[in-house]
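Numbering (full-length UniProt numbering), first residue to last: 1 to 1051. A short write-up of the structure that comes next.
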């Protein structure tokens, strides 16, 4: 060790690598404090940073990317002319600053900060910084944000993916020596030549100690003096000797007693309500304990009960491969039972009302076990989307048959308005029904909701909830949703009153001046009614009929009020009386609970106060409401004009201080929307993606202070089980047979629009591939121990959709190839993989056929509901990002067709193309302006499916898979280089040299007797053994040894 300059952690967290201006590097075990290995190097390193690679800066201005496995040099860049002054690497990006030699021969600071992509090992456009880029740090959480500083104190905050978005600051320093960021990313430290440290941060988030003290270091223990032993020497002068036997001073536990009691912890819920007094502070008693009850403060404070997050699916798969447990109850059922989801154990009954949170592994959200939270056939909604607090209300709408029918019929119409909320509801309801218990996400609907300026002005978005209660917000959203879907319905059917008949209370409003008795009448229709509570004497609430729900409902619909208003006859403001006359009640009665008074809250706490059924009669403009025994008597008497309403469900706010923050859930009677009559009503709790059955009494009980009703929905009893699916027979498919363009761009020459004769029928195969761009990078939290946790996954936007014919004389010819306009900011076009370049999605400059997301989505939705079978590679990920649910019976995924259950590996489309056809696709581009072609990928997936059927017909699927995987293990499951010697599969009949001109590896139709030449009629006929080849279906039965080694069955 002669001149060590730098060090860095390796892939193993307990080891570091140390290097410098010498010809050797050392690997050190920091736990044991010993040198593990000595490595030879030809470079002198001055700086090291660890990311995807170990990045080392040399004393000549170069930067080497070293492999974390064997520390070999993978890539070298000449970063700066003279030396690298500073650099930083995080995730996939590396940024360097340094010196270069200019005209006079003396080195000066480079005016550019160089940027490199560690994923592709290629340089990116540098960041200009005219003051001279001397120091750089990457933000620990915002992956593309970088801090670049000059020696004179100028600081630039820049997004590496968008260098035009910069933020300049000036530090008050004479000469800067370095910068650094806190691990949270909220604080910045600058040190200068005057031996001062400047601390920067947001005053709202970071508070620095202004009265700093000198750092305290541990005292060096002096060597104890030599002590002479003697009988007079006190024992406390003698150090504790090493011992192996139990000491006499080790008292047994039953002889040790605790005296006194630590003070109890202050309830955190009281902190906001504390008020100063003469002695200390005081707050209202929350009454969480009984009178004279004393807390045992010596008891170990356990964490608040919460649902323990399940293991990731990848973890379960690894465990199952190690040990197969026979007859054991599943982890999901076990955990749900232990968490008292069904209310049958002794654990906390409130766990099912807790906030649920998605955890992310390195495989993303697909690795999260949603079935842990939902064992029913009803799908939940995910929470990692903006404005997902509306999930509970969307679930309630979905289970109201009349609203569900209107939304689906509207979605099946010719509507292509980009901001149509009613269409998005139809798509979401269809997705929830097709999912049958699998989790879904309302991404497209919430994106449309977020685009409304009126909703923003009303403060209905998630960012406005800091100063508004959830219950008030969801009731305002309920009014907005109903008003907007009514508007959307009239855009397509302006003369139809079907929606008003289902949702609107048709009434007229009379306004009478109390002074001159002049009266005017105007329409008073309403889509949602706010409950209007009278002045309540809680002692009389149980006996006084005026406080019954039915009477409050009647008063709320008629709503007689007095207030000041303008009188045209008196020509001045007068006291006016306002009264509603109801002419027609809707089939769906939507109510906002409007609970703002704590005294009114006590009405809901009365057991059975909220009825499951109410009856309404209109009599001369006035309404009569009945419930309970009164309703039964009138039903038996067949009272004319009586309409009985069933309670479909309600949305509630759950605010348990011990269980994180407040959130919304819905309780829904799922029997009303069932297709077949059921013996009794079944109530379910929908807590985002946690769905479980609950008792009716639990759903309608409000005596707990943490459960606040917000929105109620009643529907006429005649509409029970009225699930109308005739929309599937009236699908407006015009969009599939017409060109639609936003910019008049030309589609690819090979694209041929579908003709009316080619209209898809159930079982028609189509090949699909999609491309995406990144709208937000993943947010990763780096913990103190260096481990990383994904807080929020990256957000993708659909950029291109290509759909090809899967059969017929035009098989393989695309009929959809649309580029999609994206209004959000694009942080990365990922051109190398998507083939999308900047400008391709801009209507002003793009040469491609651009369409809105609504048009592209509707085309796929129409193909889905026409019964098409989608063929592709890795379709599950595509469908999730597109936000569409496709049943397994309509999916052919070549990723699972060519899956060997014994190998536990999925093959890439690129390798399969080479292994089966000896063709190269998705090749590494010569520059960054090329990438995948979705038409090429979709066509290759289609050809692989056809080839798989040939293998099936020949009965050689098992042999082919064995050969593909054996050859793949030799090549690292990547195609060999073009200029190398091609590796030939050892057995004839597999992916070997083709001797015919058909492009197939099996003999032509003329060579095989009875081989089918046409596409099968149904997916089941298409691949009889495809189910046996999916990863979830048992063990792999390989061929016998004799058959395998005797050559190809096709020989």
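Using N, Cα and C, we set each Cβ at its ideal position, and we do this for glycine too.
Legend entry - Nearest-angstrom Cβ-Cβ length linking residue 774 and residue 794, presumed shorter than 8 Å: Residue numbering aside, residue 774 sits at position 774 when the chain shown is read from its first letter. Residue numbering aside, residue 794 sits at position 794 when the chain shown is read from its first letter. Right, the Cβ-Cβ distance comes to about 6 Å (below 8 Å), so this counts as a contact.
Inset, instruction - Give me the Cα-Cα distance between residue 356 and residue 179, rounded to the nearest whole angstrom. - result: Position 356 of the chain shown, counted from the first residue, corresponds to residue 356. Position 179 of the chain shown, counted from the first residue, corresponds to residue 179. Their Cα atoms are separated by approximately 39 Å.
Legend entry - Those runs of the beta strand (DSSP E) which lie wholly inside the stretch 573-601 and span at least 3 residues: 588-592
Legend entry - Bridge partners - residue 281, DSSP secondary structure assignment: Locating residue 281 in the chain shown gives position 281, counting from the first residue. According to DSSP, residue 281 bridges with 276.
Inset, instruction - Inspect the beta-carbon positions of residue 675 and residue 721 and report whether they are closer than 8 Å. - result: As a first step, residue 675 must be located in the chain shown, where it is residue number 675. As a first step, residue 721 must be located in the chain shown, where it is residue number 721. Yes; because the gap between Cβ atoms is below 8 Å, this pair is in contact.
Legend entry - Run of the beta strand (DSSP E) containing residue 522, from where it starts to where it stops: Numbered from its first residue, the chain shown carries residue 522 at position 522. Counting along the chain, the beta strand (DSSP E) containing residue 522 begins and ends at 519-523.
Legend entry - Span of the beta strand (DSSP E) around residue 805: Position 805 of the chain shown holds residue 805. Element bounds for residue 805: 795-805.
Inset, instruction - Determine contact between the stretch 382-396 and the stretch 451-467, defined as no fewer than three beta-carbon pairs at a distance below 8 Å. - result: yes
Inset, instruction - Pick helix, strand or coil for residue 401, following the three-state DSSP scheme. - result: Indexing the chain shown from 1 puts residue 401 at position 401. Helix.
Inset, instruction - Please go through the same chain and pick out, in chain order, the residues whose beta-carbon is closer than 7 Å to the beta-carbon of residue 432, but skip the five residues on each side of it. - result: Walking along the chain shown from the start, residue 432 turns up at place 432. Answer for residue 432: 379, 398 and 440, listed in chain order.
Inset, instruction - Look at the Cβ atom of residue 599, then the Cβ atom of residue 655, and state whether they are nearer than 8 Å. - result: By one-based count along the chain shown, residue 599 stands at place 599. By one-based count along the chain shown, residue 655 stands at place 655. Contact flag unset, no.
Inset, instruction - Note down the Cα distance separating residue 278 from residue 296, rounded to an integer number of angstroms. - result: Counted from its first residue, the chain shown places residue 278 at position 278. Counted from its first residue, the chain shown places residue 296 at position 296. Computed Cα separation, rounded: 29 Å.
Inset, instruction - Mind reading off the beta-carbon distance from residue 968 to residue 909? Whole number of angstroms is fine, and I expect it under 8 Å. - result: Taking the chain shown and counting its residues from 1, one reaches residue 968 at position 968. Taking the chain shown and counting its residues from 1, one reaches residue 909 at position 909. With 8 Å as the limit, residue 968 and residue 909 do not qualify as a contact, their Cβ atoms being about 13 Å apart.
Inset, instruction - May I ask you to report which of helix, strand or coil DSSP gives residue 55? - result: By one-based count along the chain shown, residue 55 stands at place 55. Of the three classes helix, strand and coil, the one that applies to residue 55 here is strand, per DSSP.
Legend entry - Rounded straight-line distance, which links the Cα of residue 48 to that of residue 202: Counting from 1 along the chain shown, the entry for residue 202 is found at position 202. Counting from 1 along the chain shown, the entry for residue 48 is found at position 48. Their Cα atoms are separated by approximately 30 Å.
Inset, instruction - Measure from the alpha carbon of residue 855 to the alpha carbon of each residue in 828, 96 and 740, then state which is nearest. - result: Position 855 of the chain shown, counted from the start, is the residue given in the question as residue 855. Closest by alpha carbon: 740.
Inset, instruction - List in chain order: all unbroken beta strand (DSSP E) runs of 3+ residues lying wholly within the stretch 801-885. - result: 814-820 and 869-872
Legend entry - For residue 447 and residue 453, the rounded distance between their alpha carbons: Position 453 of the chain shown, counted from the first residue, corresponds to residue 453. Position 447 of the chain shown, counted from the first residue, corresponds to residue 447. Rounded to the nearest angstrom, the two C-alpha atoms are 12 Å apart.
Legend entry - Where residue 474 falls: helix, strand or coil (DSSP): As a first step, residue 474 must be located in the chain shown, where it is residue number 474. If DSSP states are grouped into helix, strand and coil, residue 474 belongs with the helices.
Inset, instruction - Leaving out five residues on either side along the sequence, give the residues of the same chain with a beta carbon under 7 Å from the beta carbon of residue 505. - result: Within the chain shown, numbered from 1, the residue matching residue 505 stands at position 505. Within the same chain, residue 505 has close Cβ partners 525, 526, 529, 557, 582, 585 and 586.
Legend entry - Simplified DSSP state of residue 740, which is helix, strand or coil: Position 740 of the chain shown, counting from 1, holds the residue named residue 740. Of the three classes helix, strand and coil, the one that applies to residue 740 here is coil, per DSSP.
Inset, instruction - Enumerate in chain order the residues of its own chain whose CB-to-CB distance from residue 426 is below 7 Å, with the five nearest sequence positions on each side excluded. - result: Residue mapping note: residue 426 aligns to position 426 of the chain shown, counting from 1. So the list reads 407, 408, 410 and 411, once near-sequence residues are dropped.
Inset, instruction - Give the range of the beta strand (DSSP E) segment to which residue 506 is assigned. - result: One-based indexing of the chain shown puts residue 506 at position 506. Taken as a continuous stretch (DSSP letters only), the beta strand (DSSP E) holding residue 506 covers 506-513.
Inset, instruction - Within the same chain, show all residues whose beta-carbon is closer than 7 Å to that of residue 484, passing over the 5 residues directly before and after it, in chain order. - result: For the purposes of this step, residue 484 is identified with residue 484 of the chain shown, where counting begins at 1. So the list reads 421, once near-sequence residues are dropped.
Inset, instruction - Return the CA-CA distance between residue 776 and residue 143, expressed in angstroms with no decimal places. - result: In the chain shown, residue 776 corresponds to position 776, counting from 1. In the chain shown, residue 143 corresponds to position 143, counting from 1. Cα to Cα, residue 776 sits roughly 10 Å from residue 143.
Legend entry - residue 787 versus residue 780: straight-line alpha-carbon distance, rounded: For this step, residue 787 is matched to residue 787 along the chain shown. For this step, residue 780 is matched to residue 780 along the chain shown. In a straight line, the C-alpha of residue 787 is about 10 Å away from that of residue 780.
Inset, instruction - Note down the Cα distance separating residue 486 from residue 168, rounded to an integer number of angstroms. - result: On the chain shown, position 486 is the one that residue 486 refers to. On the chain shown, position 168 is the one that residue 168 refers to. So the two alpha carbons sit approximately 48 Å from each other.
Inset, instruction - State the Cα-Cα distance for the pair residue 20 and residue 363, rounded to the nearest angstrom. - result: For the purposes of this step, residue 20 is taken as the residue at position 20 of the chain shown. For the purposes of this step, residue 363 is taken as the residue at position 363 of the chain shown. Residue 20 and residue 363: Cα-Cα distance of roughly 37 Å.
Inset, instruction - Measuring alpha carbon to alpha carbon, tell me which of 108, 861, 196 and 223 ends up nearest residue 214. - result: Counting from 1 along the chain shown, the entry for residue 214 is found at position 214. Cα-wise, what sits closest to residue 214 is 196.
Inset, instruction - Assign residue 360 to buried or exposed, taking buried as 16 or more other Cβ atoms, counted over all protein chains shown, within 10 Å of its Cβ. - result: One-based indexing of the chain shown puts residue 360 at position 360. Answer is buried; the Cβ neighbour count reaches 16.
Legend entry - For residue 503 and residue 413, the rounded distance between their alpha carbons: Numbered from its first residue, the chain shown carries residue 413 at position 413. Numbered from its first residue, the chain shown carries residue 503 at position 503. Computed Cα separation, rounded: 20 Å.
Inset, instruction - Specify the secondary structure class of residue 566 as computed by DSSP and reduced to three states. - result: Here residue 566 corresponds to residue number 566 of the chain shown, with the count starting at 1. Strand, per DSSP.
Legend entry - DSSP state of residue 352 mapped onto helix, strand, coil: Locating residue 352 in the chain shown gives position 352, counting from the first residue. Note: residue 352 maps to helix in three-state DSSP.
Inset, instruction - Look up residue 26 in the DSSP assignment and give the residues it is bridged to. - result: Locating residue 26 in the chain shown gives position 26, counting from the first residue. 18 and 38, per the DSSP bridge assignment.
Legend entry - Contact under 8 Å by Cβ, residue 190 with residue 173: Counting from 1 along the chain shown, the entry for residue 190 is found at position 190. Counting from 1 along the chain shown, the entry for residue 173 is found at position 173. Yes, they are a contact pair.
Legend entry - Residue of 698, 688 and 894 minimising C-alpha distance to residue 669: Counting from one through the chain shown, the residue named residue 669 turns up at place 669. Measuring from the Cα of residue 669, the nearest candidate turns out to be 698.
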